[in-house]
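Taking it in order: structure first as structure tokens, then the write-up.
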């Protein structure tokens, strides 16, 4: 019997089979193979023993948040409280792109800004380079984006993930919390990973996080997952150009012309430095 894992709390997996939810444990065989089932996995179960026997091959997976087989990632980034972080947004974009998952960006707390000029320019830039971008007041647009898809909602703690999901589905009643004025970040409100029915799709609300790592990624992986760099890489003098110290680098020329945002290029250089530091 096969089903989809829709919730994981501690070592208890909830598997949905033909509309029925069955709480299961992992089999001894899977533990021996060091295979840990993830939310989103298609699994074979023994219904009588309530045990997961087999995990089917995944089309993709994320380590943090731990989830598999998603169609897209809805990246929630706030304009204020906590303040917008281009560094964190670009990290999430690179990691999600690397894992072959479509990113969709949603800016929250837009209404808290007195002057939206800067954030509007940022939004338009990400749209220009090819990303699907929404602000949280565009509920219809977000609903259409998640319909008929499995989406994972990711973002720093306190950006309003649970608040947005509650607005999309008033029956969810997910716990929300305020920002700590002293720390400038939110308190964790989501304690586990679960697939929720939202606007005709399945959405995973996940525990918040404030740090990410480029696990298993090389400098080339970083470079290739900055989409505007990848699209223009063939115009550089060297095929293996890293776009930092090389001469006749077309990417650096685009930065100097303002075609690539200097903050995004600055984030790219920091990520490359992180890879170099990891090798030392």
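Residue numbers (my numbering): 215 to 494. Cβ coordinates follow ideal geometry from the N, Cα and C atoms, glycine included.
Which one of 481, 327, 290, 444 has the shortest CA to CA distance from residue 344? 444
Alpha-carbon spacing of residue 259 relative to residue 450, whole angstroms: 52 Å
Excluding sequence positions up to five away, which residues of its chain have a Cβ less than 7 Å from the Cβ of residue 338? none
Is residue 253 near residue 266, with beta carbons less than 8 Å apart? no
So for residue 369, helix, strand or coil by DSSP? DSSP places residue 369 outside both helix and strand once states are collapsed to three, so it counts as coil.
Three Cβ pairs or more, each shorter than 8 Å: is that satisfied between the segment 363-382 and the segment 284-299? Three or more Cβ pairs drawn from the segment 363-382 and the segment 284-299 lie within less than 8 Å of each other, which places the two stretches in contact.
Cβ-based neighbour list, residue 285, same chain, cut-off 8 Å, excluding 5 preceding and 5 following: 315, 316, 363, 364, 365
By the DSSP assignment, the beta strand (DSSP E) with residue 260 in it spans what residues? 256-260
Distance, residue 274 Cα to residue 460 Cα: 34 Å
Give the C-beta separation of residue 350 and residue 324 to the nearest angstrom, bearing in mind that I take them to be a contact with Cβ-Cβ under 8 Å. Under the criterion of beta carbons closer than 8 Å, residue 350 and residue 324 qualify as touching, at roughly 7 Å.
Residue 380 versus residue 410: straight-line alpha-carbon distance, rounded: 11 Å
Residues that DSSP places opposite residue 202 in a beta bridge: Residue 202 falls outside the range modelled here, since the chain spans only 215 to 494, and no answer is possible.
Apart from the five residues on each side of it in sequence, which residues of its chain come closer than 6 Å, Cβ to Cβ, to residue 326? 294
Cβ of residue 288 within 8 Å of Cβ of residue 320? yes
Could you check where the beta strand (DSSP E) with residue 343 kicks off and where it finishes? Here residue 343 belongs to no beta strand (DSSP E), and DSSP marks it neither H nor E.
If you measure between the beta carbons of residue 406 and residue 221, is that distance less than 8 Å? Yes, the Cβ-Cβ distance between residue 406 and residue 221 is below 8 Å.
Counterpart residues of residue 313 in DSSP-defined beta bridges: BP columns for residue 313 are empty, so no partner.
Helix, strand or coil for residue 321? Go by DSSP, reduced to three states. strand
Does the ligand FAD have a heavy atom nearer than 7 Å to the CB of residue 275? The model on display carries no ligand, and the ligand FAD is accordingly not part of it.
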